[in-house]
Structures are given as structure tokens and as C-alpha cells.
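Structure record follows, encoded as C-alpha cells.
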RNA sequence: GGAGAGAUGGCCGAGUCGGCUGAAGGCGCUCGCCUGCUAAGCGAGUGUGGGGGGAAACCUCCACCGAGGGUUCGAAUCCCUCUCUCUCCGCCA
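Residue numbers (the working numbering): 1 to 445.
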């Protein structure tokens with residue numbers, strides 16, 4: 001396979017520079033009060049004093065370096081002239097030698113300040129959009145709308161884990177033997193159902209919603225994880241390969257958003273819509289004892305993701321549309337759901353605004369998250385360096401990135417099993433899915 | 001795994017013994033001209049980031065020729081390390 005350094009046991013450490021997030025520095029410097037207030041609203045502790053100090057020092061050092069470099073450039077030119085005419089430039093060369101050393105020293109100082117700044121900036125969460133409701137936790141997320149009627153049963157509805165195991169289409173015991181807790185094993189009609197849903201979702205998004213299907217790598221490097229915001233702060237939530245600087249993707253958002261890393265798009269290309277099916281891998285660190293049964297919280301699950309790259313002015317409009325694209329799947333499957341707006345305190349690190357779609361789960365009698373649709377505005381684009389150029393306008397602008405699950409497939413299976421269960425233990429297949437299930441209208445024994 | 005070749009601007013492609021090369025030339029693109037349409041033709045312009053000046057057009061400085069480091073007064077050009085790409089052989093889904 002790949003190169004391997006036996007001495008360190010280290011496979012291909014992929015070097016990368018996240019670069020000096022200049023835009024980020026400028027943005028924070030210029031919007032200091034806003035940033036300060038927004039971070040407080042989020043409950044994020046960021047050392048803005050250290051930021052200001054490092055920023056000021058950086059600017060000082062940089063201007064001195066540039067001055068010296070200019071001097072060196074000019075004098076070097078003169079030396080060239082003198083030498084061409086056969087003269088002696090010994091003194092000038094000696095002089096420039098010390099200038100060169102001084103520059104080298106300053107460059108070291110500069111790198112130090114930039115390291116400090118970079119570290120702080122990478123740990124700074126996105127600022128919530130003005131429309132985000134204030135709040136501290138999940139409890140404070142307002143319900144935006146409720147769609148569909150939860151089904152009424154004339155028997156006590158069972159949990160999807162019981163239904164699935166009784167039908168022989170889910171087997172958590174064997175999955176645990178193969179891998180461990182929180183891994184799924186689908187069998188027969190269960191495996192078929194999972195695949196049917198993936199195809200149904202992809203077909204709907206590509207055929208009706210204008211998305212381009214992509215199938216990205218399931219392992220990504222550190223830079224990609226950093227760009228979308230999983231790193232550096234949330235390394236504990238990720239699975240990382242031993243001896244390789246690769247991570248298993250926790251969502252297709254990571255590889256798909258990074259498709260255009262370091263690119264300058266043209267305005268004509270925007271908006272770009274991608275949809276991707278991928279498995280997702282999450283360590284679920286710190287969730288011991290939560291959702292231990294069933295498909296709700298797994299180390300590995302499938303998801304169909306929606307990702308958009310848009311112009312800044314239209315990103316919120318696009319968010320509404322993306323949300324509707326995800327909702328469409330639930331409506332077609334005839335599942336009851338509601339949409340909540342995440343409050344400032346519950347917002348993810350990279351998001352400026354997020355809607356969660358929650359599907360009705362009869363066994364527990366609660367709505368459970370099945371999709372999360374977010375606008376990241378320019379946050380990820382800044383880190384990933386994704387810009388676009390507008391005709392007749394100088395320079396470049398950052399795109400806005402958005403994404404949402406459309407939907408989490410494992411949770412959709414769970415919802416279908418519970419919502420369409422019958423007293424005899426069989427499960428009805430919703431109309432929309434039948435073509436993908438070989439015409440089957442029932443999952444039975 | 002073995003052997004070799006390469007990485008330059010939106011693309012193709014040149015860079016001499018290290019010195020006005022941010023980078024020839026071509027293509028593309030933009031604006032203007034011309035032609036009763038189209039094609040062709042002519043002229044000008046056309047990288048990114050950052051700093052300074054200016055109302056603006058624009059001017060000016062610094063950096064960037066895969067990445068990082070080194071040599072030097074001076075590096076796209078020399079040296080080292082890494083990454084990636086391509087070709088051939090082997091192996092493999």
C-alpha cells in the first residue's frame with residue numbers, strides 16, 4: 001500500500017497549512033463588539049484580549065519586515081548593477097547580510113504571533129444570525145411548525161428494535177459480536193429497506209430538487225475536518241485512523257463541502273447543489289447510557305446529505321428551500337414531524353442558523369431529530385478558502401455554505417418501523433417506497 | 001513493492017551559466033472598434049492575498065511559480081525534506 005515510515009510507524013502525515021486565516025483576523029478586528037456579544041450569547045469562552053494583543057503585535061512585526069524586505073530588494077538590484085559593470089559591492093553585500101539576518105529573526109517572531117492567532121481563531125465559533133432565538137439549551141428551541149398527524153394505535157406500539165429483531169431484519173446481538181455496541185446489522189428486508197431509502201432520497205433530490213449526486217471519500221484529512229469546523233475542537237467525537245492522519249467522516253458535509261476548497265468559482269456556477277449518500281462514523285463520546293437501544297445512536301449510520309454553495313445574499317432563502325427539500329422526504333413517507341429552530345445556546349460550532357427536523361417516534365411518544373439544516377454563511381468558506389468572482393466587481397467574495405440531512409437513513413428506518421407497525425408484528429411499506437422494495441407492501445416474517 | 005518523468009497564471013506552455021520575469025508566447029475571457037447576421041480581423045485589458053495613498057480611475061509597497069526548510073546581497077531557477085500527478089513492471093477489488 002502506501003509509504004510507511006517504519007521508524008516512527010507513521011503513515012503519510014499529510015502536511016497542510018490552514019494558512020493565516022487573514023479574513024478571519026480582519027473580520028474579528030473590524031467587528032469586535034459584535035463578535036464579543038455574539039460569543040457571549042453562545043456561551044463560548046474565547047480569549048479576545050489575547051487575540052487583540054497578538055493581532056497588534058503581528059501588524060507591527062509585519063510592517064517592519066516589509067520595510068526591510070523592500071530595502072533588501074532595492075539594494076540587491078543595485079548590487080546586480082554594480083557587478084554587471086565590474087564594480088565591487090562588498091560593503092553593500094555585508095550590509096544586506098545583516099538586514100537578512102534581522103528579517104529572519106522577525107519572521108520567527110511573526111510566526112509565533114500567527115500561531116497564537118490561528119489557534120484562537122480556529123476555536124472561535126460562528127456568530128449566530130440575527131433571527132436566531134436567544135436561549136441556553138435544547139429546552140429553549142421554539143417549534144416552528146408541526147406537520148402531519150401521529151398515527152393512532154389500538155395496541156401498544158413497540159420500539160423499532162423489538163419490531164426489527166422479531167422480524168429478523170435487525171440484529172444488534174450479532175452486530176455487537178462483529179464490532180461492538182452501537183453498530184447496526186441489517187438483514188433481508190431490513191437491508192433492502194435501508195438501500196431503498198437511500199435510493200429514494202437520492203432520486204428525489206437529484207430528479208426533483210436539482211441536486212447533483214456525488215460519492216465522496218469516506219476518510220478525509222485534517223485540513224478538511226478543520227475547514228468544516230469538526231477540528232480542532234471536537235476531535236473526541238471523531239474516529240481517527242491509527243498511524244495515519246485520516247479521519248472517518250462524521251457526515252458527508254465534510255468531504256462534500258471541501259470539494260471546492262481553495263477554489264475561486266464564477267458567479268455563473270452558483271448556486272451549486274450536491275447530494276451525497278455516505279456512511280457516517282461518530283464516536284458518541286460522552287453519550288453513555290443514552291439511546292442504548294435501537295438505531296437512534298450508532299457509531300456507524302447512513303445518511304443522505306444536501307450541501308449548497310450560494311451567493312451571500314441568497315443563503316437564507318436557500319436554507320428555507322433546503323429545509324423544504326428535506327421535509328419532502330418525510331411528507332412522501334407519510335411520517336409526522338415538526339421543525340424547531342435552534343436557539344443561540346444550542347447552535348453547533350460552525351452554524352449561523354439551524355433548523356432541526358424531528359420525526360414522531362410512537363414507542364417513546366416523542367419527536368426525535370432526523371435532520372439538521374444549517375446555514376454556515378461564510379464561516380466554512382473562510383476556513384476552506386472557497387470564493388467566487390463576480391463580473392464587473394473587483395476581487396473575490398466568500399461563498400456561503402449550507403447543508404442538511406436529507407435524511408438520516410437509520411433513523412428513518414426506525415421511524416418507519418414504529419409508525420407503520422401493525423398489531424400482528426408486520427410493518428406496512430409506504431406507497432412512495434414500494435417501487436424501491438420490489439413492489440412489496442409489507443415487511444413480514 | 002520496483003524503475004523512471006514531472007508539478008509555473010483560467011487552460012496550454014517557455015524560462016538562458018541564480019539578478020527589472022508576477023513571470024515570454026499561445027488559447028480563453030472582458031471591454032472597445034470594424035463587418036448589414038455569423039465567422040474572421042484590429043486595439044486595449046485580463047492572477048491571488050495583504051499594507052499604504054486616492055472620491056474614483058488608479059498609483060505604490062510586500063508576499064506567492066506544488067508545500068516546507070536551506071544556500072545567497074539576491075532563487076521559479078541551486079540543495080534538502082515532504083506531498084501530489086503521470087508512465088512502465090509487479091500485485092490487487
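Cβ coordinates follow ideal geometry from the N, Cα and C atoms, glycine included. Predicted model only: the values in this text are computed from it and were never measured.
Distance from the CA of residue 372 to the CA of residue 413, rounded to the nearest whole angstrom, comes to 17 Å.
The segment 396–416 and the segment 374–385 touch, with no fewer than 3 CB-CB distances between them shorter than 8 Å. Membership of residue 375 in any alpha helix (DSSP H) is not indicated; the residue belongs instead to the beta strand (DSSP E) covering 366–377. Residue 397 carries a strand assignment under DSSP once its states are collapsed to helix, strand and coil. Here the alpha carbon of residue 120 sits roughly 43 Å from the alpha carbon of residue 331. Residue 261 places its beta carbon 8 Å or farther from that of residue 126.
In this structure, residue 276 sits near residue 305, with a CB-CB distance shorter than 8 Å.
Ranked by Cα distance from residue 103, the options 72, 82, 124, 90 are led by 72. The continuous alpha helix (DSSP H) containing residue 161 extends over residues 160–167.
In the three-state scheme derived from DSSP, where H, G and I count as helix and E and B as strand, residue 200 is classed as helix.
Nearest to residue 268 by C-alpha distance, out of 279, 75, 292, 310, is 310. Note that the C-beta distance between residue 258 and residue 214 is not below 8 Å. Residue 157 counts as buried, since no fewer than 16 other beta carbons sit within 10 angstroms of its beta carbon. Shown here, residue 358 sits in a strand according to DSSP, grouped into three states.
Taken through DSSP and simplified to helix, strand or coil, residue 126 comes out as coil. Looking from the CA of residue 407, the closest CA among 205, 153, 180, 183 belongs to 205. For residue 277, DSSP records a beta bridge to 304. DSSP, reduced to helix, strand and coil, places residue 177 within a helical segment of the structure shown. Residue 428 and residue 150 do not touch by the CB rule: their CB atoms are close to 16 Å apart, not below 8 Å. In the DSSP annotation of this structure, the continuous segment of the beta strand (DSSP E) that includes residue 247 starts and ends at 246–248. In this structure, residue 290 lies away from residue 282, with their beta-carbon atoms at least 8 Å apart. The Cβ atoms of residue 433 and residue 160 lie no closer than 8 Å to each other.
Contact between residue 405 and residue 308 fails: their C-beta atoms lie close to 13 Å from each other, not under 8 Å.
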